[in-house]
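Each remark here refers to the structure printed beneath this line.
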Amino acid sequence: MKLVGISGALRKASTNTGLLRAVRDLLPDGSTIDIITLHGIPLFDEDVIEASGKPAIVADIAERIRAADGVIIATPEYQFSVPGVLKNAHDWLSTMKAPFKWKRTGVIGASAGAMAGTARAQYHLRQNLQALQAIVMPRPEVLIVHNELKFDADGNLTDEETRQRLATWLAAFLEWVEKKP
Ligand SMILES: Cc1cc2nc3c(=O)[nH]c(=O)nc-3n(C[C@H](O)[C@H](O)[C@H](O)COP(=O)(O)O)c2cc1C
Numbered sequence: 330m331k332l333v334g335i336s337g338a339l340r341k342a343s344t345n346t347g348l349l350r351a352v353r354d355l356l357p358d359g360s361t362i363d364i365i366t367l368h369g370i371p372l373f374d375e376d377v378i379e380a381s382g383k384p385a386i387v388a389d390i391a392e393r394i395r396a397a398d399g400v401i402i403a404t405p406e407y408q409f410s411v412p413g414v415l416k417n418a419h420d421w422l423s424t425m426k427a428p429f430k431w432k433r434t435g436v437i438g439a440s441a442g443a444m445a446g447t448a449r450a451q452y453h454l455r456q457n458l459q460a461l462q463a464i465v466m467p468r469p470e471v472l473i474v475h476n477e478l479k480f481d482a483d484g485n486l487t488d489e490e491t492r493q494r495l496a497t498w499l500a501a502f503l504e505w506v507e508k509k510p
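Just so we're on the same page, this note's numbering is the position in the sequence shown counted from 1, plus 329.
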């Protein structure tokens, strides 16, 4: 199975990008994940399209999504919602001939402290994905609280219980993508 992973965080030591690396390490033989970060995407601006067309970087991401069997988005929560870079990417992608249309998509996330483990961001993200015509796995969920205790300083997942929960989620996701309910 061919997956794309999109991280909603730009920082090098992001725990959400680290979560996608942990997914990569858990994938069964024969499955792959192409991890995408959203560096270099300009702010969405229709005048830019008029002046110079759509950015090549967005076309490239759209193509990688189109080629995938499923997409996993790992999102942080900023201000109780989706980070601007992720929303911005979705705004651009909405102009690119529907790369998310009918795409089986999973949403996961990690945040700091004992708050909601990105629950609010994930629900806003599900709303955006509905507009993009993605089909989002309803359950199970991965809502990681206290990421500062579960990842190392480079953003690598170190907590075994979290890895187990992620493995359970991933098995459910792969089955769901395979069956295309
Ligand atoms: C601008 C900003 C806003 C944030 N807002 C929230 C929030 O609303 N809820 C939350 O749980 N954590 C919030 N946090 C803390 C993030 O959960 C934490 O920085 C997390 O590690 C970000 O994910 P990353 O490790 O992938 O970069 C915020 C952090 C920043 C920098």
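Even glycine gets a Cβ: it sits at the ideal position worked out from N, Cα and C.
State buried or exposed for H419, treating a residue as buried only when at least 16 other CB atoms are found within 10 Å of its CB. buried
Tell me whether the beta-carbon of A445 lies closer than 9 Å to the beta-carbon of L422. no
Give a yes or no on contact between the segment 402-412 and the segment 426-437, applying the rule of three or more CB pairs nearer than 8 Å. yes
Ordered list of alpha helix (DSSP H) runs contained in the segment 351-425, each at least 4 residues: 375-381, 385-395 and 413-422
Straight-line Cα distance separating P412 from H453: 10 Å
Terminal residues of the alpha helix (DSSP H) in which T434 lies: Where T434 is concerned, there is no enclosing alpha helix (DSSP H), although the beta strand (DSSP E) it sits in stretches over R433 to A439.
Can you tell me which of L461, L458, N485 and A380 puts its alpha carbon nearest to the alpha carbon of K341? N485
Pull up the CB-CB distance for I386 and I370, whole angstroms please, since I reckon it's below 8 Å. 6 Å
Suppose the cutoff is 7 Å on Cβ atoms and the five residues either side in sequence are ignored; what does the same chain contact list for T447 look like? T404, P405, E406, G438, A439, S440 and L472
Look at the alpha carbon of L499 and the alpha carbon of A397, and state the distance between them as a whole number of angstroms. 16 Å
Just the C-alpha distance for T346 and A482, rounded to the nearest angstrom, thanks. 13 Å
Consider the C-beta atom of A439 and the heavy atoms of ligand 1; say whether any pair is separated by less than 8 Å. yes
Would you say the beta carbon of G446 is closer than 8 Å to some non-hydrogen atom of ligand 1? yes
Using only the alpha-carbon positions, how far apart do L349 and P469 sit? 17 Å
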